[in-house]
Each structure stands twice: as structure tokens, then as C-alpha cells.
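See below for the structure under consideration.
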Amino acid sequence: MAQVTLTNVKKVYPGGVEAVKGVSFDIPDGGFCVLVGPSGCGKSTLLRMVAGLETISAGEVSIGNRVVNQIEPADRDIAMVFQNYALYPHFSVYDNMAYGLRNLGTPKDEIDRRVKEAARILAIEPLLERRPKQLSGGQRQRVAMGRAIVRKPQVFLFDEPLSNLDAKLRVQMRVEIKKLQRALGVTSIYVTHDQVEAMTLSDKLVVMNGGQVEQIGLPSEVYKKPASRFVATFIGSPPMNILPGTIDGPGIVALGDAILEARDLRADLAAGARVEVGLRPEDIEIASEGEAGSLPFDIEFIEELGATQLFHGQLAGLPFIMQAATDTISAQPGRLWISVDPDRVHVFDPATGQRLGL
Amino acid sequence: MQKNASFKGLTIPLLLLLPQLAITVVFFYWPASQAVWQSFLLQDAFGTSTEFVWFENYQLLFTDPGYLKAFWNTAIFSTFVCVLSLSIALLFAVMADRQIRGAEVYKTLLIWPYAVAPAIAGVLWIFMFDPSLGMLARGLGRLGIAWNPRLNGNDAMTLVILAATWKQISYNFLFFLAGLQSIPKSVIEAAVIDGARPWRRFWTIVFPLLSPTTFFLLVVNIVYVFFDTFGIIDTVTGGGPSGHTETLVYKVYSDGKGGSNLGGSAAQSVVLLIMVIGMTAIQFRFIERRVNY
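Listed in order, the protein sequences are those of chains D and V.
Letter 21 of the first sequence, counting from 1, is numbered 27 in the numbering used here, and no numbers are missing.
Letter 205 of the second sequence, counting from 1, is numbered 206 in the numbering used here, and no numbers are missing.
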């Protein structure tokens, strides 16, 4: 078990492309850190640098107070689960799991004990003699996990491990990974572009964009107080509505004719300054016409998701989405007056995209 | 989706097959059957009288010490050429797979020898290793190594082995390189993280995953050394000195063309034919059962 610390880590490829532009954060011992971001944001490169599969152009990576920049992947005491599982196709499941231990020269009976234990934890005991190609996607995923846990490493690295599975299996494996990580208490870094995985798995969420960290925090913090417009629209599904507005006074923004209170808004902003106002579809409440802070929402069509409904339409001439539990609103296409809790109004600087919060 | 086209009646399918069948019959089955027929015949030196002798040609063949020697020569020659050309090509391919800068130039240069005709390749090697003219032969002489492929059978065998190996490395290299590049990168990375050092990684992961390529090349190389090396042997040593580099395919030619023993030569080619059929059978069996990773 170990703490992982990244200090101003950079990756510059030959040719000058900067994939990671100076990233610093640390993961406490036993923590589960998820790196999330769109493709090409540098999250996988960062993970591969921690693994030692990519050289570190600048900065420092340390695992358990040991700087590992110049240490071979094999000596970093890590295990990695790959997106395509990367199982050895010519080995049985047993040999796949035993390979790393054999390379370390572990005694045979010890290998046998550890492989069987891992197989029991992952419920793959009946599969030990099979070859990877005889397994289903979910079973291969388990074997890849097994290969990681038999080594008892200090850090687990996951590179989008669930993206090759179907939706149902993904949910199931997600829960299992979380349980397993809790039970084993191994520090983990998990890369994904799926914001649901990011929210549910992490106890430290790192949102990346364009090679830089946009926000680091608990998943609930990131959700409640996104540090930028990018994070606001990336985390949360359906994404947050962003509308242009102006500052109307301390803690007050104007959206066209309507006036909205925003509690978490810096007080030093000049009246009339242009801002962007973010409203989450799930934070929208029903109001009545003429009520203070109510906005006119023109519903165009409704999507039924079972437990909830999505209302698509226009607000002040811009596309807008609202989410509500099924049967709470008997809305038909047409006009609906809505409002938002002042605690849930997000305001961003239109130029930098940064949150204009307290 | 249906992949096979289906026809009503037999006329159109037969017409479509006809060109292929005609070529196969005229250029393959007819000469092959002629060879089989010829192998049962005995002709006098002037071709004036022909006698049907059943298996006498074969009996003579397998009691001829020269023929058994050709078997032995073929075994030595093919073993060395296969092992050397495969292992050197694999080494080059592993290097090329690692190297990134200049890889294209390196690959192109390595492929050139394959474009050289066997006879030309043979002449190149004659010049390099000619005891009186050759640069390399002189170099060997300076090192105190007696070298004369015109007189010494082992020297002659070494020379044809080198020439034939050199010619085949390019081909093997191409296939090995393609094979190496088809191994998923993440599998290698997993092995790196699993603590396998390069040497161990090669033998436990890379080499086994390359086995379909290796087996395919082995079959192709055996066919190459059995038949396609005729040109090299003919130009470099002409089978000599005193039959030391006479392989089975070379003896078919020298007995038939030089020795005018058409029956015996035909019998030899039938033996070769049976060997090829055997090897092809192994190849097909392998391809059908081929391990699909």
C-alpha cells in the first residue's frame, strides 16, 4: 500500500506535442482516484507514465515516497488492467495469473495458493484451465483483474477497463471493482471517459481537459461546484444548460427579462458584465407565471426514460433541457414556467470559462 | 449474407472453371503423368529403343550410392539453410520492429536480395569467394584459413549454404516483421509490467505468438531449399566438386540432361513429387488446424 504523488508531471512528444502540461496531485494510501476527461485529454498518457510505459518528460512521479521516474515498470510494484484486457492468448487462465509471480521467482506452492485465492475472490475457479479465447468479455475482464491482484501490488492502474463490455455488465463490474478495491485497500488510479464510472468509483476525482487538470475533488464537490464550464458540462447527464446572462447586482444575474438569484456568486463583479449561467436539468423546479425568478420554458418534445422524463425545448431562444421524475408534471408541449434554487445557479466567466464563485 | 453464388444447371459453372482446369491439366497433370510414365521406361543412349521395365529405375536409384549421397547432401543443405535463414531473419525482424527512426530504409534495403535472380546471386558469391579472385576468399587466406570450394567439398557446401541463406533471409524477414507487428502492443506491455525481462519476454510471449508465422515459413523454406536453390547450386558449384553439393533436385537435372538417363531422372522426380505432396499435406493440415489466437 502506498501513497502516489505527481508533481508537475509533463509529457512532451518528439515533435513538440505537449500531451500533459504539468499535472500535480496526490492520492492517499488506499485512495481510489479516477482520471476523467474526453479522448485526447492526456489521462491515459498520465496513467502510462505512472506505469512506466511512457517516459516522463518533466516533473516527478513517486509511489510510496520513492521517486519512480527512472525505475522500470516491473520494479514499480504496480499492476495494470488494460482496456482490451491484454491477456496472453497462448496461456491458460491459471498461467496468465501466475506469469507475473513466476517472473519474480515466487515458490510454486505460493503461486498456486495466491492464484487459487484470487480465482475464488473473482469467482473464476472453474475457468482456470481455459484459454482466453474461450472466455466471454466479462470473464476476460475478471482474469485481467485476477492477474493484477495475485501480485499484491502497491498500486492498481486501470486503463478504461470496462469500455469493451456491454452496458449491463459494465454496471455489474463497476460495483465489483469498487468492492474489491475497498476489500483489498490498494491505492488505485482509474482512467475513464465515462462520467458515471468516474462519479461512482472515485473518492478523488480528477477532471482533465487538453493536458491540464480542470478540477480535483470529491465527486460530490465536483458535481455541486464545478470549477469551470468544461467540468460543469462534462460531469452530469444530461449536461448542464448554459445560457448567456449579465450581472444585475451582488448575487443577482439577469437572463433576458428574468432575474435569478445566485448565492455562490462573487460580489465584486460590475453590474452589466456578461456571464454564462449554468442550470442543471435535474435542478429545475416548476414555478408559476409572474413569480419572482421564474423563466419561460417552451417545451418542444418529451423523452420518457422510465423513472424520469426529459423535456427538450427552448429558453430565451436557446436549446434547454429539463429533467423531472415521471408523473410529477403533466407537461404537454407548450409553455411552462420554471425556477431554480439560488444555491444551484452556477455562474461562469464567458472568456475563461472559470466559475465566478465565492 | 450469402457469399457463394449459385447457378442453375452445370453448363455455366463448368465453362467458368474450364480455363483454370485447362491450364492445370496442360501444365501440371500432363507433365507430371509423363514423368511417372517415363520413370517406368528404359531408353538406350540414342533414344532409338524404349523398354517398359516396371520398377527397375527405382531399384537402381535406391541402390545407387550417388543418389543416397544426394539425399544426405539435401538433408545437410536444407537443415542449415532453413535454420540459418529463419533465425537470422527473425533477429533482423526483431531489430527492425524495435527501431523507429530509419525503419523504412532498413526494411527496403533488407528486401533487395529477394529481387536478385538466383543465377546472379550465385555469380556474386562465386566472385566474393573465388579462391584466386575473391575478396572474402583472400581475407580468409590472410586469416590462415585454407579455402577452396573448387576442390574441397565442405567449402563448396558452405558456399552454397551461405548463398542460398542470403537469398532467403529477405523473404523470411518480411513475414517475421509482419508477424511481430500483429502482436498486440498491450500484451507486450502487460508482460513488461508483469516483470518479464526482454529475453524472457521474447521466449515466453513473443516467440509463441509468432509460431503460426514460423511454421508457415518453415514449410515455404523447405520447398525453397528443395527446388528453388537449383540456380544457385548450378552457377556456384555445378554440383561439384565430385558431387559434394549435388542435391536431389540438382541430380534430377544432371542425370537427365547430362547423363541422358531419362528413366532414372524421371524416377527421381517422382520421388521428389511424392515428397512435395507429403510436405504440402502437412502444410494444409497445419493451416486447417492453425491456432487462432
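Don't be surprised by glycine CBs; every beta carbon is placed ideally from N, CA and C.
Span of the alpha helix (DSSP H), counted from its first residue to its last, around residue i
| i | result |
| --- | --- |
| Tyr254(V) | 249-254 |
| Gly140(V) | 136-143 |
| Glu166(D) | It is not in any alpha helix (DSSP H) - Glu166(D) carries neither H nor E in the DSSP assignment. |
| Thr11(D) | Here Thr11(D) belongs to no alpha helix (DSSP H); instead the beta strand (DSSP E) covers 10-18. |
| Ile162(V) | 154-182 |
| Val26(D) | Element bounds for Val26(D): not the alpha helix (DSSP H) but the beta strand (DSSP E), 24-33. |
| Pro20(V) | 12-25 |
| Gly106(D) | 99-109 |
Within 7 angstroms, strictly: CB atoms of residue i and residue j
| i | j | result |
| --- | --- | --- |
| Val271(V) | Ser40(V) | yes |
| Ile290(D) | Ile344(D) | yes |
| Arg153(D) | Asn109(D) | no |
| Asp270(D) | Gly359(D) | no |
| Ile33(D) | Val15(D) | no |
| Val26(D) | Thr51(D) | yes |
| Val213(D) | Val181(D) | no |
| Val193(V) | Pro95(D) | no |
| Ala94(V) | Leu15(V) | no |
| Ile297(V) | Thr246(V) | The first residue shown for chain V is 2 and the last is 294, placing residue 297(V) beyond what the model contains. |
| Ile189(V) | Leu210(V) | no |
| Val99(D) | Arg136(D) | yes |
| Ala322(D) | Gly278(D) | no |
| Val351(D) | Ala233(D) | no |
| Thr193(D) | Asp35(D) | yes |
| Gly3(D) | Leu266(D) | Outside the displayed span of chain D (7 to 364) sits residue 3(D), for which this structure offers no information. |
| Leu111(V) | Ser171(V) | yes |
| Lys258(V) | Ala71(V) | no |
Test: residue i CB closer than 7 angstroms to a CB of chain D
| i | result |
| --- | --- |
| Val188(V) | yes |
| Ala197(V) | yes |
| Pro209(V) | yes |
| Ala191(V) | yes |
| Ile194(V) | yes |
| Met2(V) | Low confidence applies here, because Met2(V) scores a pLDDT of 49, under 50, leaving its location unreliable and the question unanswered by this model. |
| Tyr294(V) | Residue placement at Tyr294(V) is poorly supported in this model, since its pLDDT is 46, which falls under 50; the coordinates are not used for a value here. |
| Trp204(V) | no |
Endpoints, the beta strand (DSSP E) within which residue i is located
| i | result |
| --- | --- |
| Gln39(V) | Looking at the DSSP string, Gln39(V) is not in any beta strand (DSSP E); the run it does join, the alpha helix (DSSP H), is 31-39. |
| Thr236(V) | First-last for Thr236(V): 231-237, but that is the alpha helix (DSSP H), not the beta strand (DSSP E). |
| Thr51(V) | 51-53 |
| Thr215(V) | Premise fails: Thr215(V) lies in the alpha helix (DSSP H), 212-224, not in any beta strand (DSSP E). |
| Arg341(D) | 340-346 |
| Glu309(D) | 301-310 |
Inter-residue CB distance, residue i and residue j (contact presumed, cutoff 8 angstroms)
| i | j | result |
| --- | --- | --- |
| Phe130(V) | Leu160(V) | 5 angstroms |
| Ile308(D) | Leu316(D) | 7 angstroms |
| Ile195(D) | Val56(D) | 6 angstroms |
| Glu295(D) | Pro339(D) | Not a contact, Cβ separation roughly 17 angstroms. |
| Leu207(D) | Gly223(D) | Actually they do not touch by this definition, with Cβ atoms about 15 angstroms apart. |
| Val82(V) | Ile162(V) | 6 angstroms |
| Phe231(V) | Tyr254(V) | 7 angstroms |
| Ala293(D) | Thr314(D) | Not quite, the Cβ-Cβ distance comes to about 19 angstroms (not below 8 angstroms), so this is no contact. |
| Gln147(D) | Pro167(D) | 7 angstroms |
| Val29(D) | Val219(D) | 5 angstroms |
CB contact below 7 angstroms: residue i versus chain V
| i | result |
| --- | --- |
| Phe164(D) | no |
| Met86(D) | yes |
| Asn90(D) | yes |
| Ala80(D) | yes |
| Tyr19(D) | no |
| Ala59(D) | According to the sequence provided, residue 59(D) is Leu. The question's Ala does not apply to it. Output row for Leu59(D): interface = yes. |
| Asn71(D) | no |
| Asn109(D) | yes |
| Gly106(D) | yes |
| His199(D) | no |
| His96(D) | yes |
Any non-hydrogen atom of the ligand FMN within 6 angstroms of residue i CB
| i | result |
| --- | --- |
| Ser98(D) | The ligand FMN is absent from the structure shown, which contains no ligand whatsoever. |
(request) Could you name each continuous beta strand (DSSP E) segment of 3 residues or more that falls completely within the segment 36-72 of chain D, going from the start of the chain to the end? (result) 38-42, 64-69
(request) Output the residue ranges of the beta strand (DSSP E) runs that lie fully inside the segment 243-283 of chain D and measure 3 residues or longer, sorted by chain position. (result) 247-255, 258-261, 264-267
(request) Jot down the residue ranges of each uninterrupted alpha helix (DSSP H) in the segment 62-131 of chain V, minimum 4 residues, whole runs only, in chain order. (result) Runs found: 66-99, 104-112, 119-130.
(request) List in chain order: all unbroken alpha helix (DSSP H) runs of 4+ residues lying wholly within the segment 198-249 of chain D. (result) 201-207, 225-230, 235-240
(request) Return the chain-ordered ranges of every beta strand (DSSP E) run that is complete within the segment 124-154 of chain D and spans a minimum of 3 residues. (result) none
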